[in-house]
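Q: There's a structure below that I have some questions on.
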Amino acid sequence: MAALPRMECPCDDDFDLWLELLEVKASEGLLDALGDFLQDYLRTSGRKLYVMGLSGGIDSSFLAALLHSRRIPYLGFCLPIASNTPAEIERGTRVAEAYAMAPASVSLTHKHDFTELYRKISATFAGIYPETTPVAEGNLKARTRMLFLYHVAQLHGGCVLSTDQLDELLTGFWTLHGDVGDVSPIQLIPKSSEYDLARMLCARLADPAPLQAAIEAVPTDGLGISSSDLDQLEAESYAQVEDMFREYFRLRRDERDRGLTAEQAARKVALEGSGPVRRFLASGFKRNGAVL
Numbered sequence: 014m015a016a017l018p019r020m021e022c023p024c025d026d027d028f029d030l031w032l033e034l035l036e037v038k039a040s041e042g043l044l045d046a047l048g049d050f051l052q053d054y055l056r057t058s059g060r061k062l063y064v065m066g067l068s069g070g071i072d073s074s075f076l077a078a079l080l081h082s083r084r085i086p087y088l089g090f091c092l093p094i095a096s097n098t099p100a101e102i103e104r105g106t107r108v109a110e111a112y113a114m115a116p117a118s119v120s121l122t123h124k125h126d127f128t129e130l131y132r133k134i135s136a137t138f139a140g141i142y143p144e145t146t147p148v149a150e151g152n153l154k155a156r157t158r159m160l161f162l163y164h165v166a167q168l169h170g171g172c173v174l175s176t177d178q179l180d181e182l183l184t185g186f187w188t189l190h191g192d193v194g195d196v197s198p199i200q201l202i203p204k205s206s207e208y209d210l211a212r213m214l215c216a217r218l219a220d221p222a223p224l225q226a227a228i229e230a231v232p233t234d235g236l237g238i239s240s241s242d243l244d245q246l247e248a249e250s251y252a253q254v255e256d257m258f259r260e261y262f263r264l265r266r267d268e269r270d271r272g273l274t275a276e277q278a279a280r281k282v283a284l285e286g287s288g289p290v291r292r293f294l295a296s297g298f299k300r301n302g303a304v305l
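Each residue of the sequence shown is one higher than the one before, starting from 14 at the first, in our numbering.
Below is the structure:
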């Protein structure tokens with residue numbers, strides 16, 4: 014059986030480890046290992062269930078379907094805020110309803126619109142500090158959802174499930190104290206491999222349609238910053254993002270071990286100007302966590 018790549022976040026200059034993670038491939042064994050980990054974590058941590066937001070995207074939809082397939086208890090919520098499209102909301106709601114695994118003792122509504130709450134918070138902040146940006150407003154939306162998810166987790170003895178994957182870790186593509194949680198099962202799995210895992214999981218589901226819709230959807234954070242995640246990353250596909258990092262980390266390793274030719278050095282500089290690698294170089298503080 015395949016094992017999960019369980020480890021701490023690599024240091025930014027641990028090029029060999031990043032390259033190893035970029036080669037993690039989907040398999041039935043890896044899919045089983047993910048389910049085993051999620052099941053074992055509840056047992057060993059003493060937590061009763063997981064809590065997660067369901068955006069209608071591949072990351073949260075895949076994990077919701079996986080929890081459902083393994084009958085692992087969780088509370089899933091579609092939490093639209095202002096910039097989410099009707100299609101995103103419909104996908105998130107379908108996933109919440111199709112793959113619900115709430116304990117029988119818990120009665121819940123799957124969809125809660127936080128648009129008015131977000132607008133009140135944004136307006137209050139604007140009255141104190143009027144300067145803002147689309148990214149800052151996107152962070153407010155993510156942190157508003159975080160407040161609710163952690164509140165629910167506290168009430169039910171649960172823990173919040175993080176849905177980030179390796180591509181987002183590398184590019185710093187998340188909101189600190191926002192769309193992250195206590196447990197991050199797919200954090201070290203490449204996004205392209207996650208898509209393959211999701212397709213494998215569809216074959217195990219009685220109703221694969223909600224997950225299939227998420228697989229086919231244009232990936233977006235729903236925060237109104239751009240029309241898609243790939244637009245923000247300045248890439249055509251996640252496979253391209255991963256290929257760029259493979260090339261970049263090999264060049265950085267060669268530079269450290271034996272130096273680069275002029276052609277290689279020029280290529281390294283060019284990659285450092287690309288969207289994904291530029292974001293990697295600017296987001297180390299997010300991967301490193303609080304400085305003690």
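Ideal placement from N, C-alpha and C gives every residue a C-beta, glycine not left out.
Identify, in the order they occur along the chain, each residue of the same chain with its Cβ nearer than 7 Å to the Cβ of Tyr-54, setting aside the five sequence neighbours on each side.
A: Contacts found: Val-196.
Q: Which residues share a DSSP beta bridge with Phe-90?
A: Phe-90 is bridged to Gly-66.
Q: Would you mind reading off the limits of the alpha helix (DSSP H) that contains Val-231?
A: That residue, Val-231, is in no alpha helix (DSSP H); it is neither H nor E in DSSP.
Q: Evaluate the contact criterion for the stretch 187–207 versus the stretch 154–166: three or more CB pairs, one atom per stretch, below 8 Å.
A: The stretch 187–207, when compared against the stretch 154–166, does touch it at the 8 Å Cβ threshold.
Q: Take Asp-220 as the anchor and find which of Gly-59, Ser-74, Ala-100 has the nearest alpha-carbon.
A: For Asp-220, the nearest C-alpha among the options comes from Ser-74.
Q: In angstroms with no decimal places, state the Cα-to-Cα distance between Leu-76 and Thr-274.
A: So the two alpha carbons sit approximately 44 Å from each other.
Q: Tell me the DSSP secondary structure of Val-119 in three-state form.
A: If DSSP states are grouped into helix, strand and coil, Val-119 belongs with coil.
Q: According to the neighbour-count rule (16 or more other Cβ atoms, all chains shown, within 10 Å of its Cβ), is Gly-69 buried or exposed?
A: By the neighbour-count rule (16 or more Cβ atoms within 10 Å), Gly-69 is buried.
Q: How big is the Cα-Cα spacing for Phe-85 and Ala-295?
A: Note that residue 85 corresponds to Ile in the displayed sequence, not to Phe. Roughly 37 Å separates the two Cα atoms.
Q: Starting from Cys-172, follow the beta strand (DSSP E) in both directions and report where the run begins and ends.
A: First-last of the beta strand (DSSP E) with Cys-172: 171–173.
Q: In the stretch 171–230, which residue ranges form an unbroken alpha helix (DSSP H) of at least 4 residues, counting only runs that do not cross its ends?
A: Complete alpha helix (DSSP H) runs here, min 4: 179–184, 204–215, 222–229.
Q: Measure the Cβ-Cβ separation of Asp-209 and Ala-39 and say whether it is below 8 Å.
A: Cβ atoms of Asp-209 and Ala-39: closer than 8 Å.
Q: Assign Pro-289 to one of two classes, buried (16 or more other C-beta atoms within 10 Å of its C-beta) or exposed (fewer than that).
A: When all chains shown are included, Pro-289 counts as buried.
Q: Beta carbon of Arg-292, beta carbon of Gly-151: below 8 Å?
A: Their beta carbons are not under 8 Å apart, which means Arg-292 does not touch Gly-151 by this criterion.
Q: If you count every other CB in all the chains shown that lies within 10 Å of the CB of Pro-198, and 16 or more means buried, which is it?
A: Under this definition Pro-198 is a buried residue.
Q: Whose C-beta lies closer than 6 Å to the C-beta of Lys-281 among residues of the same chain, with five residues either side of it excluded?
A: For Lys-281, where only same-chain residues beyond five positions count, the Cβ hits under 6 Å are Leu-264.
Q: Among Ile-134, Leu-162, Leu-160, Trp-31, which residue has its Cα nearest to the Cα of Ala-149?
A: Considering only alpha carbons, the answer is Ile-134.
Q: List the whole-angstrom C-beta distance separating Arg-300 from Leu-35, where the pair is believed to meet the contact cut-off of C-beta under 8 Å.
A: Incorrect: roughly 15 Å between the Cβ atoms, too far for contact.
Q: Could you compute how far the alpha carbon of Arg-83 sits from the alpha carbon of Leu-44?
A: Cα-Cα distance, rounded: 11 Å.
Q: Determine the extent of the alpha helix (DSSP H) in which His-81 is found, giving its start and end residues.
A: Note, His-81: alpha helix (DSSP H), 71–82.
Q: Please give me, in chain order, every unbroken run of the alpha helix (DSSP H) with length at least 4 that falls completely inside the stretch 19–57.
A: As far as the stretch 19–57 is concerned, its whole alpha helix (DSSP H) runs of at least 4 residues are 28–35.
Q: Rounded to a whole number of angstroms, what is the C-alpha to C-alpha distance between Asp-242 and Thr-233?
A: Between Asp-242 and Thr-233, the C-alpha separation is close to 5 Å.
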